[in-house]
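Asks: The numbering used here applies: residue 272 is where the sequence shown begins, and numbers increase by one. Glycine is no exception: its CB is placed at the ideal position from the N, C-alpha and C atoms.
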Amino acid sequence: MSASNQPPTNQRVSDVPFQIWALVGIMAAIEVVLSLADRGIIGSPDWRATMVIYGAFWSPLLSGELLPAFDAQPVTMFLSHAFLHGGMFHLLMNTVVLLSLGKFLSSLSGPWPVIGLFAVSAIGGGIVFGLINSSNAPMLGASGAVFGFLGAWQFFEAAKLRRTGQSLKPVFSTCVGLVVANILIALVLQGALAWEAHLGGFIAGILMGPVLLRLAQNRARRRFEASRKF
Numbered sequence: 272m273s274a275s276n277q278p279p280t281n282q283r284v285s286d287v288p289f290q291i292w293a294l295v296g297i298m299a300a301i302e303v304v305l306s307l308a309d310r311g312i313i314g315s316p317d318w319r320a321t322m323v324i325y326g327a328f329w330s331p332l333l334s335g336e337l338l339p340a341f342d343a344q345p346v347t348m349f350l351s352h353a354f355l356h357g358g359m360f361h362l363l364m365n366t367v368v369l370l371s372l373g374k375f376l377s378s379l380s381g382p383w384p385v386i387g388l389f390a391v392s393a394i395g396g397g398i399v400f401g402l403i404n405s406s407n408a409p410m411l412g413a414s415g416a417v418f419g420f421l422g423a424w425q426f427f428e429a430a431k432l433r434r435t436g437q438s439l440k441p442v443f444s445t446c447v448g449l450v451v452a453n454i455l456i457a458l459v460l461q462g463a464l465a466w467e468a469h470l471g472g473f474i475a476g477i478l479m480g481p482v483l484l485r486l487a488q489n490r491a492r493r494r495f496e497a498s499r500k501f
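Here it is in structure tokens:
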């Protein structure tokens, strides 16, 4: 990754908008409850399996090979899967990126559009996963949304480089790095990686880029006009 295309740094935790914290908090609360249930501290050890049945993404629901647990499940699973994780480490990996890039993107476009980006990217990840992967295994986790944040970040980086007349090589290098990382992780996990969701989320993030950029430009313009009044 080029030095000119590094992830946002020097960001204080206190600067993360409450909307992003709330999003991460919901995912964390779900995982904490399920982890405690796994250990028999609260509820039942069956809670995680039940949540996966009702909330994970199941490709066979789209083909009719699997009957839904409730009528709306083939629709709700496109978003609900992003709030479930396979454990604390899975949640932590996604949370780090969501907080870092969520704060960065919120500083440009505002927090509510970033929440919208999360939803669109999660849905995009589900769409591509459903189109490519026909396995009976459930897909869960916010990694599709995480890659949507990465896609939007790279769109902003590309826009900045074009505006200043610089080469887009850093963006291409980052994209290649993400592909290589996905391949390596998939090999280590012996295929237990929803790369299709990563791809769908990344594409969704790029497609959301122009919308977020326009919002960022309008936001910057309003700030500039407000500063001129003083």
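Is the separation between the beta-carbon of A413 and that of A475 shorter than 8 Å?
Replies: It is not a contact, given that the beta carbons lie outside the stated cut-off.
Asks: Beta-carbon separation of M322 and L332 under 8 Å?
Replies: It is not a contact, given that the beta carbons lie outside the stated cut-off.
Asks: Kindly indicate which residue of V303, H469 and C446 has the alpha-carbon position closest to the one of G395.
Replies: H469
Asks: Is it the case that the Cβ atoms of A408 and L483 are separated by a distance below 8 Å?
Replies: no
Asks: Does the Cβ of L362 have 16 or more other Cβ atoms within 10 Å, making it buried, or fewer, making it exposed?
Replies: Label assigned to L362: buried.
Asks: What are the boundary residues of the alpha helix (DSSP H) that includes L388?
Replies: P382 to I403
Asks: Just to confirm the assignment, what range does the alpha helix (DSSP H) spanning S551 have?
Replies: For residue 551 there is no data in the structure shown, the boundaries of the chain being 272 and 501.
Asks: Using the Cα positions of E496 and L486, report the straight-line distance between them to the nearest angstrom.
Replies: 15 Å
Asks: Count the other CB atoms within 10 Å of the CB of A452; is the residue buried (16 or more) or exposed (fewer)?
Replies: So A452 ends up on the exposed side.
Asks: Looking at the secondary structure, which residues open and close the alpha helix (DSSP H) in which E302 lies?
Replies: F289 to D309
Asks: Taking 6 Å as the limit between beta carbons, can you name the residues of its chain near I456, skipping five residues before and five after?
Replies: L464
Asks: From G448 to L421, what does the alpha carbon distance come to, in whole angstroms?
Replies: 12 Å
Asks: Would you identify the three-state DSSP class for Q488, choosing helix, strand or coil?
Replies: helix
Asks: Only counting the same chain, and skipping five residues up and downstream in sequence, which positions put a Cβ closer than 8 Å to that of F400?
Replies: F328, S330, M410, G415, A465, E467, A468 and G471
Asks: Please list, in chain order, all residues of the same chain as I324 whose beta carbon is under 7 Å from its beta carbon, the five residues on each side excluded.
Replies: Once the five neighbours on either side are set aside, the close Cβ partners of I324 are A340.
Asks: Please classify F360 as buried or exposed, where buried requires at least 16 other C-beta atoms within 10 Å of its C-beta.
Replies: exposed
Asks: Which same chain residues, not among the five before or five after G335, have their C-beta less than 8 Å away from its C-beta?
Replies: none
Asks: Between the Cα of R493 and the Cα atoms of S371, G436, F418 and L379, which residue gives the shortest distance?
Replies: L379
Asks: What is the rounded straight-line gap between the Cα of N310 and the Cα of G296?
Replies: The displayed chain sequence assigns Arg, not Asn, to residue 310. About 21 Å.
Asks: Can you tell me which of the three DSSP states S341 falls into?
Replies: The residue asked about is misnamed: residue 341 is Phe in this sequence, not Ser. Three-state result, F341: coil.
Asks: With distances taken between CB atoms, is the gap from K431 to D286 smaller than 8 Å?
Replies: no
Asks: Please name the residue or residues paired with F473 in a DSSP beta bridge.
Replies: Note: F473 sits in no beta bridge, so no partner.
Asks: How would you write the range of the alpha helix (DSSP H) that W329 sits in, first residue to last?
Replies: Unbroken run through W329: none, as it is neither H nor E.
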